[in-house]
Amino acid sequence: MATIAETPTPPAPKRRRSRRETRNDGGSAVSTYGLLAPMLIVLGILFLAPLYYIFLFSVGLKRFSPTDALASLNGELNAFSTELWTKLISVDVTVLIPGLNFDVPVLVVGIVFVVLLITAVTAGRIPEYGSWIVGVAFVLLLAPFLTFPAGNNLLRLVEFSSEGQYMRLFFKSVSMAMTSSVVAVLIAIPVAYFLAFCVGKSKYTWLLIVIAPFLTSYLLRVFAWKVILGDQGLINSGLTTIGLIDEPLTFLIYSQFTVIIVLTYAWVPFICLPIFLSFETIDRRLLEAAMDLGATRMQAFRKISLPIIAPGIVAAFLFVFIPSIGEYITPTLVGGTQGTMYGQSLANQFVGGAFNWQFGSVMSLFLLGIVLLLTFTTSRFLRAGGGGL
Amino acid sequence: MNENMTRKGFVALTGATSLAAFLAACGGSSSDSGSSAADSGSSAANSGDAQAEGISSEEAAAGGSFDPASEPGGPIEVFTWAGYDDSEKDGAPWMWSQYQEGEYNADSPLKFTFLEDDGQALAKVGSGYAPDIIHPCIAYVVQWKEGGLIQPLDMALLPDYSGIPEAISAGGLVDGVQYIVPFDVGFSCLTYDADKINFDNVGGEESWEVLLDDRFKGRMALFSDDVAVIKIGHLINEGAVDPNVQTSEQIAAAKETALKIKLNLRNYWTSQTETVNDFVNGNLDATYTWPDGFWKIKNHEKMKGRNIKYMQPTQGRLAWVCGMVLHSASKQPGRATMAMAATNTPAAGALLTDKFQYASAQQNGVMDLIEDKALISAFDIDKPEAWAPPKAWFEAPLPNYKEFVTAGQEVKAS
Numbered sequence: 021m022a023t024i025a026e027t028p029t030p031p032a033p034k035r036r037r038s039r040r041e042t043r044n045d046g047g048s049a050v051s052t053y054g055l056l057a058p059m060l061i062v063l064g065i066l067f068l069a070p071l072y073y074i075f076l077f078s079v080g081l082k083r084f085s086p087t088d089a090l091a092s093l094n095g096e097l098n099a100f101s102t103e104l105w106t107k108l109i110s111v112d113v114t115v116l117i118p119g120l121n122f123d124v125p126v127l128v129v130g131i132v133f134v135v136l137l138i139t140a141v142t143a144g145r146i147p148e149y150g151s152w153i154v155g156v157a158f159v160l161l162l163a164p165f166l167t168f169p170a171g172n173n174l175l176r177l178v179e180f181s182s183e184g185q186y187m188r189l190f191f192k193s194v195s196m197a198m199t200s201s202v203v204a205v206l207i208a209i210p211v212a213y214f215l216a217f218c219v220g221k222s223k224y225t226w227l228l229i230v231i232a233p234f235l236t237s238y239l240l241r242v243f244a245w246k247v248i249l250g251d252q253g254l255i256n257s258g259l260t261t262i263g264l265i266d267e268p269l270t271f272l273i274y275s276q277f278t279v280i281i282v283l284t285y286a287w288v289p290f291i292c293l294p295i296f297l298s299f300e301t302i303d304r305r306l307l308e309a310a311m312d313l314g315a316t317r318m319q320a321f322r323k324i325s326l327p328i329i330a331p332g333i334v335a336a337f338l339f340v341f342i343p344s345i346g347e348y349i350t351p352t353l354v355g356g357t358q359g360t361m362y363g364q365s366l367a368n369q370f371v372g373g374a375f376n377w378q379f380g381s382v383m384s385l386f387l388l389g390i391v392l393l394l395t396f397t398t399s400r401f402l403r404a405g406g407g408g409l
Numbered sequence: 337m338n339e340n341m342t343r344k345g346f347v348a349l350t351g352a353t354s355l356a357a358f359l360a361a362c363g364g365s366s367s368d369s370g371s372s373a374a375d376s377g378s379s380a381a382n383s384g385d386a387q388a389e390g391i392s393s394e395e396a397a398a399g400g401s402f403d404p405a406s407e408p409g410g411p412i413e414v415f416t417w418a419g420y421d422d423s424e425k426d427g428a429p430w431m432w433s434q435y436q437e438g439e440y441n442a443d444s445p446l447k448f449t450f451l452e453d454d455g456q457a458l459a460k461v462g463s464g465y466a467p468d469i470i471h472p473c474i475a476y477v478v479q480w481k482e483g484g485l486i487q488p489l490d491m492a493l494l495p496d497y498s499g500i501p502e503a504i505s506a507g508g509l510v511d512g513v514q515y516i517v518p519f520d521v522g523f524s525c526l527t528y529d530a531d532k533i534n535f536d537n538v539g540g541e542e543s544w545e546v547l548l549d550d551r552f553k554g555r556m557a558l559f560s561d562d563v564a565v566i567k568i569g570h571l572i573n574e575g576a577v578d579p580n581v582q583t584s585e586q587i588a589a590a591k592e593t594a595l596k597i598k599l600n601l602r603n604y605w606t607s608q609t610e611t612v613n614d615f616v617n618g619n620l621d622a623t624y625t626w627p628d629g630f631w632k633i634k635n636h637e638k639m640k641g642r643n644i645k646y647m648q649p650t651q652g653r654l655a656w657v658c659g660m661v662l663h664s665a666s667k668q669p670g671r672a673t674m675a676m677a678a679t680n681t682p683a684a685g686a687l688l689t690d691k692f693q694y695a696s697a698q699q700n701g702v703m704d705l706i707e708d709k710a711l712i713s714a715f716d717i718d719k720p721e722a723w724a725p726p727k728a729w730f731e732a733p734l735p736n737y738k739e740f741v742t743a744g745q746e747v748k749a750s
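Protein sequences, first through last, are from chains A and B. No gaps in the numbering here: position 376 of the first sequence is 396 in this note's numbering, and each next residue is one more. No gaps in the numbering here: position 105 of the second sequence is 441 in this note's numbering, and each next residue is one more.
Printed below as a string of structure tokens:
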């Protein structure tokens with residue numbers, strides 16, 4: 021009797037592949053990547069090519085002025101130089117913490133924030149204290165930039181100042197965008213929770229109602245705020261009529277406060293969506309089990325819901341922060357002299373009276389670098405599925 | 337498509353396509369980017385070619401010579417300020433009527449696009465946009481010319497040009513050749529509510545220094561123009577001294593003053609309509625306007641009974657002249673010049689005052705044609721001294737333009 025080992029294994033019969041399988045083999049790559057092809061081509065033409073141009077502008081290998089004479093009049097670089105990069109980046113930043121002021125090069129500030137960002141992304145894997153480290157890293161990242169209303173002024177826990185006007189403007193813009201993003205997320209979370217858990221079958225009707233403002237023109241919505249916040253607008257007139265104020269609250273319009281309010285309002289409907297979708301992925305039985313085991317609603321939210329929706333929160337935050345940091349329209353219309361943002365100054369290099377496409381390119385690439393860095397590091401966080409939270 | 341294409345093959349194909357597109361897009365510049373001194377970009381190439389096609393260098397030195405009859409038809413594009421188009425509703429059809437009633441309009445109709453300010457216009461045209469006629473201000477003619485973007489005029493096609501005083505047209509001369517048909521002339525100054533703004537803290541007379549008076553903090557606004565911001569700082573620092581001529585030290589000092597002014601401002605406006613609305617809606621008590629802005633505020637329904645004034649500061653008002661220039665790439669320079677000539681007639685000049693409250697560069701018989709004589713006295717249009725130093729400082733080409741702009745930018749960015 022032949023053993024199994026001795027028995028030659030007959031070759032597996034070749035299964036005749038179905039037509040569908042055959043087609044999938046050769047065609048899947050085409051059909052899958054074919055979907056991407058238009059985007060890749062558009063990306064090449066509309067993103068990479070302009071990026072290449074912008075790089076050339078930024079180091080003086082290309083200039084705006086079509087002739088030498090105009091270039092000279094406009095003070096443009098005529099050959100390779102890193103002078104404009106130096107002008108933007110080689111500046112000291114004064115960190116103004118109440119009771120403690122010190123100067124550091126801007127690169128040091130950048131490195132500190134990158135380290136904090138990487139810590140926030142990776143420390144969740146550290147056993148036991150991981151979530152605490154992540155929490156502290158997030159607080160150190162966010163807190164210095166948060167803005168708080170105080171009478172007619174705005175206060176920050178830490179002020180970043182600089183002799184370089186553009187770097188100072190950049191930090192101010194980060195602060196305004198950061199505050200808008202955090203406030204928008206804080207408003208959107210309960211709204212999304214309400215939609216996901218409290219309104220049953222009508223949730224999509226409610227969702228439509230929530231995002232309805234998003235269906236109107238952005239410019240119209242900003243102008244509507246001018247009517248609401250103006251000296252003789254809805255709020256000031258109302259407060260004057262009921263006798264709460266004698267003079268209009270002037271900080272309501274043409275201020276940093278106004279820009280933050282309008283940016284927050286503009287983005288809340290939009291970011292309700294990713295957070296709502298995160299809530300939708302929660303298995304309700306987990307929450308029921310937690311309650312059965314004696315957890316309060318808040319404990320259940322903190323231990324179960326929050327880690328699951330964390331990627332949605334991060335995504336929502338980025339959806340607001342990235343476009344806000346380079347905002348142009350909102351500060352132009354309602355920012356006044358105090359609410360100027362980096363994006364306005366950047367745009368003015370290209371289409372305003374500055375004619376300084378070279379420095380505008382430096383400003384653009386710097387902003388792009390910051391956004392890419394942020395996206396890259398937080399995308400790792402998103403893949404970690406909530407990381408340290 | 338090849339059904340047997342592998343994933344690797346597809347990626348390679350897509351990559352190659354993208355690379356080809358990328359190189360095609362960059363090709364024009366990559367060849368010239370290395371030698372930036374000779375780099376003219378596409379616009380310069382266009383303009384250079386067009387200049388070669390249109391007029392020779394000898395002709396350019398002597399002025400253009402065009403033959404409208406032999407030119408190809410097609411739209412003549414006019415790049416002008418909003419409100420200067422031929423719209424019956426909110427434009428200025430009277431500006432262009434002479435051309436539009438003429439023989440070439442059917443074959444070469446006018447088409448309008450709008451600019452925001454001189455800087456934006458120069459940036460847009462410098463980067464390749466090529467309208468036939470552009471409407472910049474005269475102080476920027478040197479930059480347009482240095483950029484190779486405009487060409488000399490054929491004075492034979494401008495029969496009314498002699499009605500423009502030499503004091504005005506001289507600003508459009510570069511190397512003895514005329515490049516502009518001056519059209520509109522106006523002031524830039526503060527419109528203010530005299531019931532709310534007073535000059536008690538600055539000597540009792542109207543003065544730009546009122547911008548430093550923190551009693552009016554948050555109730556004033558200025559135009560978002562880098563050069564004007566610095567000129568105003570200079571007038572406050574130096575008094576009635578030409579703000580077009582400033583040393584680096586004076587610009588630095590003017591910037592410091594502008595930074596102090598900024599603390600009292602509510603905003604830098606980018607559209608006059610925006611600041612007029614802010615004023616009549618009670619958000620402002622003083623704002624920088626052109627004459628029409630003042631007139632709109634003064635005659636606005638919400639301003640009835642209010643004492644609205646147009647400041648005549650002791651340091652002098654700022655003033656400007658704008659006009660029409662001819663793009664060097666225009667394929668119809670003769671017909672475009674005829675359209676420009678339409679804006680230079682006494683009738684158009686008179687209507688400029690009646691409709692827009694501006695003075696006209698064309699002055700031959702214009703005073704008699706102006707219907708609303710009150711406007712003449714309201715803006716001292718018939719008084720030459722009101723339009724000359726020390727009462728008014730016209731914009732002029734700035735050899736150190738870059739310094740002005742950088743300082744103004746830094747003020748706004750601070």
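The beta carbon of each residue, even a glycine, is placed where N, CA and C say it ideally should be.
Rounding to the nearest angstrom, what Cα-Cα distance links aspartate 511 of chain B and proline 86 of chain A in this structure?
Position 175 of the second sequence holds residue 511 of chain B. Position 66 of the first sequence holds residue 86 of chain A. Taking C-alpha positions only, aspartate 511 of chain B is separated from proline 86 of chain A by approximately 20 Å.
Under 9 Å Cβ-Cβ, which residues of chain B neighbour glycine 412 of chain A?
Coverage of chain A is limited to positions 21 through 409, which leaves residue 412 of chain A absent and any answer about it impossible.
To which residues of the same chain is methionine 198 of chain A closer than 6 Å at the C-beta, ignoring the five residues directly before and after it?
Position 178 of the first sequence, counted from the start, is the residue given in the question as residue 198 of chain A. Phe165.
Going by DSSP, name the residue or residues bridged to threonine 625 of chain B.
Counted from its first residue, the second sequence places residue 625 of chain B at position 289. DSSP lists B:Cys525 as partners of threonine 625 of chain B.
Below-8 Å beta-carbon distance, isoleucine 255 of chain A vs any chain B residue:
In the first sequence, residue 255 of chain A corresponds to position 235, counting from 1. No, isoleucine 255 of chain A does not count as interfacial toward chain B.
When you compare only the Cα positions, how much space is there between glutamate 394 of chain B and glycine 400 of chain B?
On the second sequence, residue 394 of chain B is found 58 positions in, with the first residue counted as 1. On the second sequence, residue 400 of chain B is found 64 positions in, with the first residue counted as 1. Note on glutamate 394 of chain B: pLDDT 45, under 50, position unreliable in the model; the coordinate value appears next. Taking the CA atoms as reference points, glutamate 394 of chain B sits about 9 Å from glycine 400 of chain B.
With C-beta atoms as the reference, is alanine 728 of chain B less than 8 Å away from glycine 659 of chain B?
The residue you call residue 728 of chain B lines up with position 392 of the second sequence. The residue you call residue 659 of chain B lines up with position 323 of the second sequence. With respect to glycine 659 of chain B, alanine 728 of chain B sits apart: the two C-beta atoms are not nearer than 8 Å.
Within the 8 Å Cβ cut-off, does proline 351 of chain A reach chain B?
Against the first sequence, residue 351 of chain A aligns to sequence position 331. Not one chain B Cβ lies under 8 Å of proline 351 of chain A.
Chain B residues whose Cβ lies nearer than 7 Å to that of isoleucine 273 of chain A:
Position 253 of the first sequence, counted from the start, is the residue given in the question as residue 273 of chain A. Within chain B, Asn619 have C-beta atoms less than 7 Å from the C-beta of isoleucine 273 of chain A, given in sequence order.
Neighbour-count burial assignment, tyrosine 238 of chain A, 16 or more Cβ in a 10 Å radius
On the first sequence, position 218 is the one that residue 238 of chain A refers to. A residue is called buried when at least 16 other Cβ atoms come within 10 angstroms of its Cβ; tyrosine 238 of chain A does not meet this threshold and is exposed.
For the structure I just gave you, are there three or more beta carbon pairs, one from the region 407-424 of chain B and one from the region 433-444 of chain B, closer than 8 Å?
Yes, the region 407-424 of chain B is in contact with the region 433-444 of chain B.
Identify the contact partners of serine 365 of chain A in chain B, using a Cβ-Cβ distance below 8 Å as the criterion.
Here residue 365 of chain A is taken as the residue at index 345 of the first sequence, counted from 1. Ordered by position in chain B, the residues that pass the 8 Å Cβ test against serine 365 of chain A are Gln745, Lys748, Ala749.
Say whether chain A places a C-beta atom closer than 8 Å to the C-beta of arginine 602 of chain B.
Taking the second sequence and counting its residues from 1, the one referred to as residue 602 of chain B is at position 266. Contact of arginine 602 of chain B with chain A is assigned, a C-beta pair being separated by under 8 Å.
What in chain E is Cβ-close to valine 371 of chain A, meaning under 8 Å?
In the structure shown, chain E does not exist; the protein chains are A and B.
Three-state secondary structure assigned by DSSP to arginine 83 of chain A:
If you number the first sequence from 1, residue 83 of chain A lands on position 63. Under the three-state reduction of DSSP output, arginine 83 of chain A falls in the coil class, being neither helix nor strand.
Proximal residues to alanine 397 of chain B (C-beta, below 7 Å), its chain only, five neighbours per side dropped
Taking the second sequence and counting its residues from 1, one reaches residue 397 of chain B at position 61. Low per-residue confidence applies at alanine 397 of chain B: pLDDT is 45, beneath 50, and the placement is therefore not dependable, though the value from the model is reported in the following sentence. Excluding the 5 residues flanking it on each side, alanine 397 of chain B has same chain C-beta neighbours closer than 7 Å at Val513, in chain order.
Proximity of valine 203 of chain A and threonine 284 of chain A at Cβ, strictly below 8 Å:
In the first sequence, counting from the first residue as 1, residue 203 of chain A sits at position 183. In the first sequence, counting from the first residue as 1, residue 284 of chain A sits at position 264. In this structure, the beta-carbon distance from valine 203 of chain A to threonine 284 of chain A falls below 8 Å.
Which of helix, strand or coil DSSP assigns to glutamate 610 of chain B:
By one-based count along the second sequence, residue 610 of chain B stands at place 274. Three-state DSSP puts glutamate 610 of chain B in a helix.
Beta strand (DSSP E) containing arginine 602 of chain B: first to last residue?
In the second sequence, residue 602 of chain B corresponds to position 266, counting from 1. Here the beta strand (DSSP E) through arginine 602 of chain B covers 601-605.
Which residues bound the beta strand (DSSP E) around cysteine 5 of chain A?
One cannot answer for residue 5 of chain A here, as it falls past the ends of chain A, which runs 21 to 409.
Check whether the Cβ atoms of proline 281 of chain B and glycine 701 of chain B lie closer than 8 Å to each other.
The question about residue 281 of chain B has no answer, for chain B in this structure spans 337 to 750.
Below-8 Å beta-carbon distance, glutamine 598 of chain B vs any chain A residue
Stepping through the second sequence from its first residue, residue 598 of chain B is reached at position 262. The question names glutamine, but residue 598 of chain B in the sequence shown is lysine. At least one chain A Cβ lies under 8 Å of lysine 598 of chain B.
Along the chain, where does the alpha helix (DSSP H) that runs through valine 414 of chain B open and close?
To locate residue 414 of chain B, count along the second sequence from 1; it is residue 78. From DSSP, valine 414 of chain B is part of no alpha helix (DSSP H) but of the beta strand (DSSP E) over 412-417.
Rounded to whole angstroms, what is the Cα-Cα separation between aspartate 628 of chain B and phenylalanine 692 of chain B?
As a position in the second sequence, residue 628 of chain B is number 292, starting the count at 1. As a position in the second sequence, residue 692 of chain B is number 356, starting the count at 1. Using only the alpha carbons, I get a separation of about 6 Å.
Would leucine 620 of chain B and alanine 557 of chain B qualify as a contact pair, given that the criterion is a beta-carbon distance under 8 Å?
Within the second sequence, the letter at position 284 stands for residue 620 of chain B. Within the second sequence, the letter at position 221 stands for residue 557 of chain B. Yes. Within cutoff.
Buried or exposed: where does proline 495 of chain B fall if 16 or more other Cβ atoms within 10 Å of its Cβ makes it buried?
Along the second sequence, read from residue 1 onward, the residue named residue 495 of chain B stands at position 159. It counts as exposed.
Alpha carbon to alpha carbon, how far is asparagine 573 of chain B from isoleucine 265 of chain A? Give it in angstroms, no decimals.
Numbered from its first residue, the first sequence carries residue 265 of chain A at position 245. Numbered from its first residue, the second sequence carries residue 573 of chain B at position 237. In this structure, the alpha-carbon of isoleucine 265 of chain A lies about 38 Å from that of asparagine 573 of chain B.
Would you check if the distance between the CB atom of serine 560 of chain B and the CB atom of tyrosine 497 of chain B is smaller than 8 Å?
If you number the second sequence from 1, residue 560 of chain B lands on position 224. If you number the second sequence from 1, residue 497 of chain B lands on position 161. If you check the CB distance, serine 560 of chain B and tyrosine 497 of chain B do not come in under 8 Å.
Under 6 Å Cβ to Cβ from tyrosine 362 of chain A, same chain only, skipping five residues before and after it: list those, please.
Counting from one through the first sequence, the residue named residue 362 of chain A turns up at place 342. Within the same chain, tyrosine 362 of chain A has close Cβ partners Leu189, Phe190, Ser193.
Would you say tyrosine 737 of chain B lies against chain A (beta-carbon separation less than 8 Å)?
Here residue 737 of chain B refers to the residue found at position 401 when the second sequence is read from its first residue. By this cut-off, tyrosine 737 of chain B is an interface position.
Isoleucine 516 of chain B versus proline 669 of chain B: straight-line alpha-carbon distance, rounded:
In the second sequence, counting from the first residue as 1, residue 516 of chain B sits at position 180. In the second sequence, counting from the first residue as 1, residue 669 of chain B sits at position 333. If you draw a straight line from the Cα of isoleucine 516 of chain B to the Cα of proline 669 of chain B, it is about 13 Å long.
State buried or exposed for arginine 305 of chain A, treating a residue as buried only when at least 16 other CB atoms are found within 10 Å of its CB.
To locate residue 305 of chain A, count along the first sequence from 1; it is residue 285. Around the beta carbon of arginine 305 of chain A, a 10 Å sphere encloses fewer than 16 other beta carbons of the protein chains shown; the residue is thus reported as exposed.
Any C-beta of chain B under 8 Å from that of glutamine 252 of chain A:
The residue labelled residue 252 of chain A in the question sits at position 232 within the first sequence. Answer yes: the Cβ-Cβ gap between glutamine 252 of chain A and chain B drops below 8 Å somewhere.
Taking just the CA atoms, how far does isoleucine 328 of chain A sit from serine 298 of chain A?
As a first step, residue 298 of chain A must be located in the first sequence, where it is residue number 278. As a first step, residue 328 of chain A must be located in the first sequence, where it is residue number 308. Straight across, the Cα-Cα distance linking serine 298 of chain A with isoleucine 328 of chain A is about 7 Å.
Hey, is threonine 606 of chain B's beta-carbon within less than 8 Å of any beta-carbon in chain A?
For this step, residue 606 of chain B is matched to residue 270 along the second sequence. Yes, because at least one Cβ of chain A sits closer than 8 Å to the Cβ of threonine 606 of chain B.
Determine the extent of the beta strand (DSSP E) in which alanine 182 of chain A is found, giving its start and end residues.
Start at 1 with the first residue of the first sequence, and residue 182 of chain A comes out as number 162. Rather than alanine, the amino acid found at residue 182 of chain A in this sequence is serine. Residue range 179-182 is occupied by the beta strand (DSSP E) that includes serine 182 of chain A.
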